[in-house]
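Residue 3 is where the sequence shown starts when you use our numbering, and the numbers rise one by one after that. Below is one structure, written out as structure tokens; comments come after it.
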Amino acid sequence: MYGLEIWNFNEKSGRLISIPIKPPNTVDIRRQSSGIFIKRVTQEADQESPNFNSAARDAFERLTDTTRLDYLSQKTTDPGVGVAGALWSDATTSKPLAVVQHGVQSISSSVHRRVSLLAGLPTHNHGHENANSVLWREVDSLAEDPDQSFAKAGFKLAAGIPFDIRGYRGIVVFYANPHADARKLRDDANSQLIQFAAQFIGSAAAIHNPIQNAILAKNRRPISNWKRLRVKIMAVIKFQRPCIRRRSRSGSFGSPSMRRVDSFKLGMRRVASFAMNREDSLKILSDATSRLKKDIEKTVIDVQYASKAKGMKWWQKVQGGHAMTPPAFNIQQCMWTFVGVGSTHTMLSWLDSFIVSKSAGKYQLVLGPLGALTTLQYNLTAAPASQPRNAIFSQIIALSTCYFLHQIQDMDRCHRCALAPAIVTTTTAWLGIIHPPAGATSVVFSYDGYKLEDMLIFLGGVSIAIFLAVVINNLSDKRQYPSTKWMH
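The following block contains the structure:
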């Protein structure tokens with residue numbers, strides 16, 4: 003076993019959140035917050051192994067070394083995206099089918115046992131022989147992205163075991179050694195151990211939040227106790243003031259000579275206290291001025307160091323990171339892209355010519371942003387920005403924004419072309435439906451005075467491109483489109 007990951011499914015956002023694992027015997031503190039727990043280095047990344055590969059070592063460090071600038075920190079992912087998302091989708095979608103199969107298998111076993119008893123034949127328990135089986139998947143077949151780093155680093159076999167601890171749902175992803183004996187890996191005892199270990203790990207992750215809440219409540223307890231004590235002290239002082247005032251008033255009565263003496267003493271005390279307060283005030287003002295001067299000098303020094311550090315970090319980023327160039331597609335994948343893009347744009351171009359000829363040039367299908375759409379659909383099929391949900395809703399937002407901006411008569415084309423993409427990109431990012439072709443759509447439709455009919459025709463072209471991408475991509479054994487649910 004190479005390592006494992008823990009992912010928690012957030013019911014509100016509908017996304018998977020990575021749970022960081024801190025090994026107890028880690029010497030390097032900088033590597034403790036990695037999302038993947040490494041039990042041993044993969045053979046492709048181990049320099050002492052005959053299967054060592056320098057590219058695999060670089061990919062392995064990108065996944066585990068948090069000090070690198072190109073560290074792949076995947077804290078969240080959508081179901082169906084990446085290794086964890088694909089395993090989670092398989093586990094959640096196949097659960098009802100597994101329940102039905104288990105029920106049918108139980109009924110079949112019961113009937114077989116009764117017939118065997120009546121016939122006097124020996125009975126065998128086949129009901130739960132595969133109950134603890136673990137399905138190991140190849141990482142290459144889970145995701146076809148060009149930047150897939152798990153397979154490059156040697157994590158080529160993965161299995162996802164879901165858990166549900168009193169509503170705390172998630173999945174534990176195990177990475178196995180593909181060079182090991184397959185019979186030992188798929189042994190019933192080993193599979194049962196992995197199943198129980200996943201539930202135990204899920205329980206440890208589920209209890210983390212209650213422990214943190216208990217620690218916070220314990221830390222807040224002294225603060226709340228001090229607040230209650232302060233209220234009591236203030237109440238005692240407030241109720242004690244009338245008694246002191248009544249005593250001072252009752253002691254002021256006496257002879258007129260005593261009153262004059264008391265008034266003289268009181269006046270002298272006021273003069274002395276005034277002089278003393280003046281000296282104290284000057285001293286306090288001098289101390290405050292010196293402290294303010296020291297604080298300003300310290301602030302200036304801190305700002306200088308912070309600016310210098312920020313500038314050095316910015317210059318280091320400008321020079322470029324250590325990320326490797328994404329690998330190129332093979333010939334088979336390039337042919338699928340060529341066929342898909344060519345077929346889609348042939349259909350869209352024919353539709354544009356048909357609309358222009360039938361409407362005598364009054365209406366047309368804008369083809370510019372559709373080129374960016376097909377690039378995403380056939381080259382980055384698993385990317386969230388390529389999914390049909392993002393494409394449809396973001397294009398509707400872009401077209402609606404351009405339509406309403408055209409209704410403002412006093413706005414010129416320069417400001418309209420700048421405001422439309424700013425509104426569209428910000429809105430789609432806020433709603434979580436980022437789609438780059440929508441930015442191109444907002445610029446194109448805000449530049450010229452397109453009619454509402456042209457916008458509806460363009461939306462129909464987007465629907466046609468999505469339909470063809472779903473049909474063509476899924477004909478390939480290495481592709482799946484869409485990789486997420488249609489409506490999430």
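Think of the CB as a built atom: it goes at the ideal place given N, C-alpha and C, for glycine as much as any other residue.
Anticipated Cβ contact below 8 Å, residue i with residue j, distance rounded
i	j	result
residue 429	residue 399	6 Å
residue 173	residue 86	7 Å
residue 202	residue 177	Contact doesn't hold; Cβ gap of about 18 Å is too wide.
residue 350	residue 378	In fact, because the Cβ distance is near 15 Å, the residues do not count as touching under 8 Å.
residue 478	residue 82	So it is not a contact: roughly 17 Å between Cβ atoms.
residue 80	residue 17	6 Å
residue 23	residue 65	With 8 Å as the limit, residue 23 and residue 65 do not qualify as a contact, their Cβ atoms being about 13 Å apart.
residue 367	residue 459	5 Å
residue 72	residue 437	The Cβ separation is near 26 Å, so there is no contact.
Buried/exposed call for residue i, threshold 16 Cβ in 10 Å
i	result
residue 314	exposed
residue 20	buried
residue 327	exposed
residue 90	buried
residue 396	buried
residue 340	exposed
residue 185	exposed
residue 415	exposed
residue 7	buried
residue 52	exposed
residue 5	buried
residue 363	exposed
residue 337	exposed
residue 9	buried
residue 69	exposed
residue 189	exposed
residue 50	exposed
residue 357	buried
residue 45	buried
residue 213	exposed
residue 59	buried
residue 141	buried
DSSP beta-bridge partners of residue i
i	result
residue 20	9
residue 177	5, 160
residue 405	None, per the DSSP bridge assignment.
residue 165	172
residue 139	160
Neighbourhood of residue i by C-beta distance below 8 Å, restricted to the same chain and skipping five residues each side
i	result
residue 376	342, 343, 346, 347, 467, 471
residue 464	372, 375, 393, 394, 397
residue 168	208
residue 441	400, 423, 426, 427
residue 488	390, 391
residue 451	408
Close Cβ partners of residue i (< 7 Å) along its chain, the five nearest in sequence each way excluded
i	result
residue 61	151, 154, 155
residue 404	422, 444, 447, 448
residue 418	407, 448
residue 200	163, 165, 174
residue 476	482, 483
residue 308	none
residue 180	158, 159
residue 137	161
residue 48	54
residue 192	186
residue 311	none
residue 42	4
residue 381	339
Own chain residues within Cβ distance below 6 Å of residue i, not counting five before or after
i	result
residue 455	365
residue 389	484, 486
residue 78	17, 19
_Runs of beta strand (DSSP E) lying entirely within the stretch 28 to 90, each at least 3 residues, in chain order_ = 38 to 40
_Start-end ranges of the alpha helix (DSSP H) lying completely within the stretch 402 to 478, minimum 4 residues_ = 415 to 433, 438 to 449, 454 to 475
_Residue ranges of each alpha helix (DSSP H) within the stretch 338 to 407, 4 or longer_ = 370 to 381
*Where are the alpha helix (DSSP H) runs, 4 residues long or more, that stay fully inside the stretch 188 to 233, in chain order?*
Whole alpha helix (DSSP H) segments, 4+ residues: 190 to 208.
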